[in-house]
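Numbering of the sequence shown is given in my numbering, commencing with residue 1 and proceeding in unit increments.
Where a beta carbon is used, it is the ideal one built from N, C-alpha and C, also for glycine.
These notes concern the structure reproduced below.
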Amino acid sequence: MTDCTIEDIDAMEPVPEFEDFVRNQIRSEARHRIRRTPKSGDRGADLIFYSDALGKAGIVQCKHVSTPVNALDTRAIKQLLRAKESYRSFLSKYDSEPVALVVATNAEKVSGNFDSLCREHGIYPILRDRILDIGKHLAEELGYGDSQPK
């Protein structure tokens, strides 16, 4: 758990503050190594997380919105699917198939067929109501957490 409030998250800059928040939460709660992708040319991914000991890996697309009541559209899903292909060789050394795909956002809701696309492609959406504890939720949803080695 973090000392951050949702208001603190809303006030963050998308890069680097929000991405750093997400990265630090995943690192501390899900016990994974995690790295940020380049600011430009990220090939659809903001963060890559992995655990050599667990043989698990995943990709995170961070979407910080300035107006959280606006719905998040499906671009994040398209970016994640592109990233999965782009980072396939890096992620292939992990026993994690399918690779965990995560959208992390401070948006309250999603638009159109966002939820059905997430289900179709096995994407874990972490929206505003769960963003403060993203590491904990991700560890629970993916079936591993702080009792596991890094």
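For residue i, the three-state DSSP class (helix, strand or coil)
i    : result
C4   : coil
P125 : strand
L54  : coil
V15  : helix
G135 : helix
K39  : coil
L142 : helix
Residues bridged to residue i [DSSP beta-bridge criterion]
i    : result
V60  : L47, V102
I34  : F49
V110 : L72
CB of residue i within 7 Å of CB of residue j, strictly
i   : j    : result
A76 : K63  : yes
A57 : L101 : no
R35 : I48  : yes
Straight-line gap, residue i to residue j (C-alpha atoms, nearest Å)
i    : j    : result
S52  : D3   : For clarity, residue 52 is Asp in the given sequence; the question names Ser instead. So the alpha carbons of these two residues sit roughly 29 Å apart.
S111 : C118 : 12 Å
N24  : R88  : 24 Å
D46  : G143 : 22 Å
E17  : G122 : 27 Å
I9   : G41  : 25 Å
Query raised in the report: How do the segment 67 to 87 and the segment 101 to 112 stand: do at least 3 beta-carbon pairs fall below 8 Å, yes or no?
Result: Judged by Cβ distances under 8 Å, the segment 67 to 87 makes contact with the segment 101 to 112, as three or more pairs qualify.
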